[in-house]
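Asker:
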Amino acid sequence: MKGNYRQSLDSLEKSGRLRTLRPLTGRNGCRIVYRGREMLNLTSNDYLGLAGDKLVHRRFYAGMAEGNILDDFGLGAASSRLLTGDSENAHILEETLRHAYKKEACLLYNSGYHANIGILPALLGKHDLILSDKLNHASIMDGMRLSQAHHKRYRHLDYGHLADLLQGCRGTFERVVIVSESVFSMDGDVADLAALAALKNQYDCLLYIDEAHSIGMYGREGLGKAEEQGQLQHIDLLVGTFGKALASVGAFLLCSATIRNYLINHSRSLIFTTALPPVVLSWNRYIFEEMLTCHERRKKLRDLAAALRRELVGHRLQTDGSTNIVPVMIGDDRLAVTLAAAMQERGYLIFPVRPPAVPEGTARFRLSLTADMEWTDIAPVASHIAELTEQL
Ligand SMILES: Cc1ncc(COP(=O)(O)O)c(C=O)c1O
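So the mapping is simple: the numbering used here equals the position in the sequence shown, first residue as 1, plus 1497.
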């Protein structure tokens, strides 16, 4: 298929899988202007509503004038951290994160994608094994593929299957790493981190947890599912991202000091890329500290998600999970595309999620709730989907 690009695009279009870019022309909190009309944005990862909160932004800008960050460092880092791109803002941010998570060390990456493709290949070689949940994010899969380690995938959240794999082959490999998301981005379901930690201890492995969709929403301080489930101390490699609830860009790894130093010497997606701009690092620290105080937003989000799930079930729609990512199972790709377009007509921005982002035959909507929504915004969504499903 790769040989003929046009044919390939045509066949994607026929099967309802063609992806396109969609420019937005306006934004006001959870409402955005798309194709000339205002819609409720049910696709955003701005879970706490911080990216859309102009007051928070203004407070940051006001403080920036005093700190003079623009005069000191400008807007671009201009080189890799290993050259002269290593502003002190990076170290202050790492220290802030390390302290909040009570971990030995923290290392920044330019994005979650950079982190996941840079950590696994650096740490694992051909005598090692990666055991990954089958529904882990594409960036984790790409990290596994780039690594020279062997890899196997266990059935989604099936820790019996994971235990069988460990039982069968732990002795064959030098190091084994278990990798899982904590909140799964497409299904909104949650890993049992205590079960994973028990297996890690029993079989002497490393535990790698990607908290991209959980930081900000869970735990007493919003540190994520590992905090909520009391498992922070058992996680050897904890990846968090700034691009979702933290309303920015970038990522961080919490780990031991030795692993941090090792990655600085071996992690290609850290070494061979320009560092994040100092102003972004400064915002990341500001927004992380703001996030720690967002208790009300966390509670509101939980309540909204529980109420939406009840509505969906009441309309006999199939949903799953327990987080603010609320899937609605549609099944057929083309039906998902048509339904999403019809929902947009009614003022709800929903995109269909189709294979390969999800397994074949499981096209769905991924309704993403954010704390700046009100129940009156969301309440009609289930009845609209149910009505349209009957009509189409
Ligand atoms: C679980 C998970 N990890 C990592 C990433 C990548 O993060 P970033 O957007 O910061 O590259 C994503 C992005 O959607 C994700 O869902």
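Even glycine gets a Cβ: it sits at the ideal position worked out from N, Cα and C.
Since this is a predicted model, take the numbers as computed values, not measurements.
1) Are there 16 or more other CB atoms within 10 angstroms of the CB of residue 1502, so buried, or fewer, so exposed?
2) Which residues bound the alpha helix (DSSP H) around residue 1681?
3) Distance check for residue 1738 and residue 1843, CA to CA, integer angstroms please.
4) Where DSSP assigns a beta bridge to residue 1864, which residues make up the other side?
5) Which residue wins for smallest C-alpha separation from residue 1930, given the options 1697, 1532, 1599 and 1524?
6) Where in the region 1512-1573 do unbroken runs of the alpha helix (DSSP H), each at least 4 residues long, occur, reported from the N-terminal end onward?
7) Suppose the cutoff is 7 Å on Cβ atoms and the five residues either side in sequence are ignored; what does the same chain contact list for residue 1624 look like?
8) Under a Cβ-count criterion, where at least 16 other Cβ atoms within 10 Å of its own Cβ denotes burial, should residue 1520 be classed as buried or exposed?
9) What is the rounded straight-line gap between the Cα of residue 1441 and the Cα of residue 1781?
10) Can we count residue 1802 as close to ligand 1, meaning its CB is less than 6 Å from some heavy atom?
11) Note down, in chain order, each residue of its chain lying with its Cβ closer than 6 Å to the Cβ of residue 1764, except the 5 sequence neighbours on either side.
12) Please specify which runs of the alpha helix (DSSP H), each continuous and at least 4 residues long, are wholly inside the region 1636-1676, giving them in chain order.
13) Does the distance between the C-beta of residue 1854 and the nearest non-hydrogen atom of ligand 1 fall short of 6 Å?
14) Quick one: Cα of residue 1727 to Cα of residue 1689, how far?
15) Of all the options 1861, 1821, 1610 and 1786, which has the alpha carbon lying nearest to the alpha carbon of residue 1767?
16) Which residues does DSSP list as the beta-bridge partners of residue 1606?
Answerer: Put simply:
1) Indexing the sequence shown from 1 puts residue 1502 at position 5. Under this definition residue 1502 is an exposed residue.
2) Translated into positions along the sequence shown, residue 1681 becomes position 184. Where residue 1681 is concerned, there is no enclosing alpha helix (DSSP H), given that its DSSP letter is neither H nor E.
3) Sequence index remark: in the sequence shown, residue 1843 carries index 346 (1-based). Sequence index remark: in the sequence shown, residue 1738 carries index 241 (1-based). Cα-Cα distance, rounded: 33 Å.
4) What you label residue 1864 is simply residue 367 of the sequence shown in a count that begins at 1. DSSP links residue 1864 through a beta bridge to 1823.
5) Given a span of 1498 to 1889 for the chain in the structure shown, any question on residue 1930 remains unanswerable.
6) 1551-1564 and 1566-1570
7) Within the sequence shown, numbered from 1, the residue matching residue 1624 stands at position 127. 1670 and 1671, listed in sequence order.
8) By 1-based counting over the sequence shown, the position of residue 1520 is 23. Result: exposed.
9) The first residue shown for the chain is 1498 and the last is 1889, placing residue 1441 beyond what the model contains.
10) If you number the sequence shown from 1, residue 1802 lands on position 305. For ligand 1, not one heavy atom lies less than 6 Å from the Cβ of residue 1802.
11) Looking up residue 1764 in the sequence shown gives position 267. Excluding residues within five positions, the ones whose Cβ falls inside 6 Å are 1615 and 1619.
12) 1656-1666
13) Your numbering for residue 1854 matches position 357 in the sequence shown. Judged by the Cβ position, residue 1854 fails to qualify as a neighbour of ligand 1 at the 6 Å threshold, every heavy atom of the ligand being at least this far.
14) Walking along the sequence shown from the start, residue 1727 turns up at place 230. Walking along the sequence shown from the start, residue 1689 turns up at place 192. Taking the straight line from one Cα to the other gives about 11 Å.
15) If you number the sequence shown from 1, residue 1767 lands on position 270. It is 1610 whose Cα lies nearest to the Cα of residue 1767.
16) Translated into positions along the sequence shown, residue 1606 becomes position 109. BP columns for residue 1606 point to 1748.
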